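These notes concern the structure reproduced below.
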Amino acid sequence: MESRQPGGGRAGVTRRGGRIMAEMDFEEQDHPYLDAAPASVLVTDCDLDRSGPRIVYVNAAFERMTGWPREEIVGQTPRVLQGRETDHTIFSDMASQLRAGQTWHGETVNYRRDGTPFLVRWSVSPVRDDQGRVSNYLAIQEDVTEQRRCERSYNHMQALVARVVEAAPDGVIVTGADGRIVNVNQGAVALLDWSKDALVGQSFTWIVPGGIAAVQAAADEGTDRPGVSGGQNTGTQGEITAYRRDGTTFPAAVSLVCVGDEGAACHAVFLRDLTARKARENALAMSETRLRNAQRIGRMGGWFYDLATRETELMPEVLYLFGQEAKARNLAHDEVRAWIHPDDLARVAETFRAARATAGQYRCEYRLILADGTVMVVDVIGEPLTDDRGRITGYAGVVQDITERHRVQEELVAARNAAVASSEAKSRFLAMMGHELRTPLNAINGFADLLVNETLGRHVHPAYRDYATHILESGEHLRGIIESVLDVARMENGRITLEEDVICLRDLLKAATNWMTEQADRANLSLEVKDGPPVRLKVDPRLMRQVVSNLVDNAIKFSPAGGRVVIAHKLCVDGSLQIVVSDEGPGIPPEYVNEVTEPFVQVDTRLERKYDGLGLGLHLVQSFMRLHDGRLDIDSAAGVGTRVTAVLPPERVMEMEDLNCALDPDVAVGTDAALVSKSA
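1 is the number of the first residue of the sequence shown in UniProt numbering; add one for each residue after it.
Okay, structure coming up:
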């Protein structure tokens, strides 16, 4: 029986009676079949005892692999293929097995003729002659350098992947064909709060009740891709609900990879906890909802303008305002211009050009004409958008419907103009009436004064003098009312200016209260002016005299018989001056304190019937104090009296240099000239 052995030579090898006999003479014959073999073939003689067997044959594949030509290598020992990295320890084992008639298999590093190393896998077998004696050794060699390099790279990559998977924050769970867990990484241990030992061997349904099928369904739904087919490493993604050890659930992103044939496939499941992301998504959705609601309530929305395309992108909220379909879309430049009122086009364009020129904010109010003909007033604000080089590429901003606000503003302006016109008309009327009333009133008061003083002779009847006195007092009272009304009108129109002078406070208080002593006596009141630090004031003498007079007049007017009115002054630590007038009258309820300084206001209408006056005194006092950069403080309560304090700032208060100072005679004695405003 004859069998062919690959690379066995021209006639092959004959097996007879369990022995392998060589039918060729390697040294004398050509061997075209071995030369055509893709594997490297090397044949040596059988002498293992000397310095090494001699090479008697190599094929073409050997020449290509080693770079040694046949004519140079034949006759040499295989040791010429060895080098520094060759493992020499294997050769003793090889020799032992070959002497025992066995085939030796192994790997070592050989060197090419140019000295470059390569890894070779050997298979060395003895070749016997017709008598069964070993005549040669045949070595089949294969260069496995690249194969081993790929294997090392593969093993390294496998180890790297294993480390990466183990260290990954996501959970990785590997299941067998039966759906039971065979391995998990530390990410899964932390995510599920189970130990690795507890998870391995359990059904995957511990984590996802529906098992791998549920994961596959979620993944297919999430990615809209077909399921995993047998034998393919197809990955799919989706979202599922997974369980932790304590029974709580969490949303998870899931990826599924299948390895193996259908019916015997293993799966790798990748889980990522989406709890935080879902919370952020919910917060973002809520924020967007609130923003949309705020924009809807505020009737506003966003827009973007691209300088390159000259297109404006309007957000849905803006289109909703404009009565369009609430779907974001881009508008060409001409479309936007078509909405703008023709009378506003030039102003809008100029405002935009100015904003671009300064790279600043764009803001403009203008009118739009909507599709149904409605005119809408909008406030448009935009900020420039720039590229990496700082060049403006467009604008982003908001547009707000201010039609209603604009209407209200126009109404307010109209109302203000009407009020100003009314106030001016009132002022003109008061000025005219003041002139018309003062002219005859001066005559009445003048003639009454002649009658009181009996300048033209004594009266026939004594009662005539009393009548004349009443006429003069009533006239003076009426003139005071007229002056107060005119002062209010002048204050409202800003026509009163300070005529400042330096005066002595002590003389001011004396002049302002001297003429009220008789009034206090008639009311059976005690009028007391307390002494205080001597100071000088830089004020308008007439206005400050009126301040003190009005405060004292109010205190006397509302104090009960037998009561006391006290005027005092003091310097404060900050250098300001307080002039204080106190009474023992009915007082003012706290809720009405702020009202008594309004013009023509008294706390109780019953007081208007009991006491004369128009309710202008405190209003004028407060106005005059503000002209002096001061203030008026009122401290009162019902039933306990009132304390009114006029406060002058430090810059109007000076130390006294001459204690014997006196005011201008007109101011000191309270003549008519001191009572009439110089700005009238």
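Glycine residues also receive a C-beta, built at the ideal position from the N, C-alpha and C atoms.
Predicted model only: the values in this text are computed from it and were never measured.
Mapping the DSSP letters down to three states, classify residue i as helix, strand or coil.
i           : result
T374        : coil
Q131        : coil
T248        : coil
K538        : strand
T44         : strand
W206        : helix
S96         : helix
V547        : helix
C572        : coil
L119        : strand
T645        : strand
S255        : strand
D143        : strand
L527        : strand
M24         : The predicted model places M24 with a pLDDT of 48, which falls under 50 and marks its position as unreliable, so this point remains unresolved.
I481        : helix
residue 684 : Nothing can be reported for residue 684, as the shown portion of the chain is limited to 1 through 680.
L138        : strand
I212        : helix
V398        : strand
Rounded to the nearest angstrom, what separates residue i and residue j at their Cα positions?
i           : j    : result
G390        : R310 : 19 Å
residue 754 : V485 : Only positions 1 to 680 of the chain appear in this structure, which leaves residue 754 out of reach.
I181        : M157 : 24 Å
A276        : T86  : 59 Å
P78         : R149 : 25 Å
T66         : L119 : 11 Å
S636        : Y592 : 10 Å
I369        : P251 : 50 Å
N110        : V259 : 39 Å
G617        : A463 : 34 Å
P541        : S576 : 18 Å
L199        : R272 : 17 Å
V377        : V398 : 14 Å
D170        : L291 : 34 Å
R506        : T513 : 11 Å
A418        : K426 : 12 Å
L456        : T469 : 16 Å
C46         : Y137 : 6 Å
L256        : T175 : 11 Å
H619        : I481 : 13 Å
So residue i is in the alpha helix (DSSP H); what residue range does that whole segment cover?
i    : result
L498 : Note, L498: premise wrong, no alpha helix (DSSP H); not H, not E.
D273 : First-last for D273: C266 to D273, but that is the beta strand (DSSP E), not the alpha helix (DSSP H).
N514 : L505 to N514
E71  : R70 to I73
E518 : T517 to R522
L199 : K196 to L199
L34  : P32 to A36
Quick check on residue i: buried or exposed, where buried means 16 or more other Cβ atoms within 10 Å of its Cβ?
i    : result
F429 : exposed
E483 : buried
P126 : buried
E288 : exposed
L659 : Low per-residue confidence applies at L659: pLDDT is 42, beneath 50, and the placement is therefore not dependable, though the value from the model is reported in the following sentence. Exposed, because fewer than 16 other Cβ atoms sit within 10 Å of the Cβ of L659.
E221 : exposed
F624 : buried
D583 : buried
Y57  : buried
M433 : exposed
G115 : exposed
E317 : buried
D197 : exposed
T89  : exposed
A61  : buried
W104 : buried
Along the chain, where does the beta strand (DSSP E) containing residue i start, and where does it finish?
i           : result
T175        : G171 to T175
G301        : M300 to D306
I55         : I55 to V58
D633        : R631 to S636
I181        : I181 to V184
G617        : Careful: G617 lies outside any beta strand (DSSP E), inside the alpha helix (DSSP H) at G617 to L627.
residue 762 : As shown, the chain starts at 1 and ends at 680. That puts residue 762 outside it, with no answer to give.
L577        : L577 to S582
From the beta carbon of residue i, is the nearest beta carbon of chain B less than 8 Å away?
i    : result
I212 : Among the protein chains of the structure shown there is no chain B, as only one such chain exists.
- Within the stretch 312-396, note down every full alpha helix (DSSP H) run reaching 4 residues or more, in order along the chain. Segments of the alpha helix (DSSP H) lying fully in the stretch 312-396: 316-321, 333-339 and 345-358.
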